[in-house]
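These notes are about the structure you will find just below.
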Amino acid sequence: MDPANISPLVVWLGSGDCNVSGRVFECAGGLISLADGWQVGAEFDKGDKWDPAEIGAVVDDLVKAAPAPFPVHGT
Numbered sequence: 003m004d005p006a007n008i009s010p011l012v013v014w015l016g017s018g019d020c021n022v023s024g025r026v027f028e029c030a031g032g033l034i035s036l037a038d039g040w041q042v043g044a045e046f047d048k049g050d051k052w053d054p055a056e057i058g059a060v061v062d063d064l065v066k067a068a069p070a071p072f073p074v075h076g077t
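For the record, in the sequence shown the residue sitting at position 23 is 25 according to my numbering, with numbers rising by one throughout.
Here it is, written out as structure tokens:
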């Protein structure tokens with residue numbers, strides 16, 4: 003995962019030429035792919051503002067409750 007393979011996409015995403023928002027990309031070597039099919043998964047609503055110290059345990063539980071992700075390049 004050489005940053006030199008990812009930085010051109012990051013530069014383009016931050017440029018005035020980019021008209022893309024709300025998308026997730028994967029970069030590996032010369033490959034650029036667009037994630038497809040994203041949806042809301044497991045969630046937890048505290049009903050109040052979060053303290054950063056509280057978040058770790060909640061995220062751990064959400065990840066455990068969610069199905070395993072599809073394997074992607076670089077994993």
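Ideal Cβ placement from N, Cα and C applies to all residues, glycine included.
Helix, strand or coil for Ser9? Go by DSSP, reduced to three states.
helix
Going by the CB atoms, is the gap between Val26 and Trp40 shorter than 8 Å?
yes
Mapping DSSP to helix, strand and coil, what is Ala59?
In the three-state DSSP reduction, Ala59 falls in the helix class (H, G or I).
Among Gly18, Asp50 and Pro10, which residue has its Cα nearest to the Cα of Gly32?
Scanning Gly18, Asp50 and Pro10 for the CA closest to the CA of Gly32 turns up Pro10.
Need the endpoints of the beta strand (DSSP E) that Ala37 sits in, please.
Unbroken run through Ala37: none, as it is neither H nor E.
Compare the C-alpha of Ala37 against each of Gly24, Glu45, Phe46 and Ala70 and name the closest.
It is Gly24.
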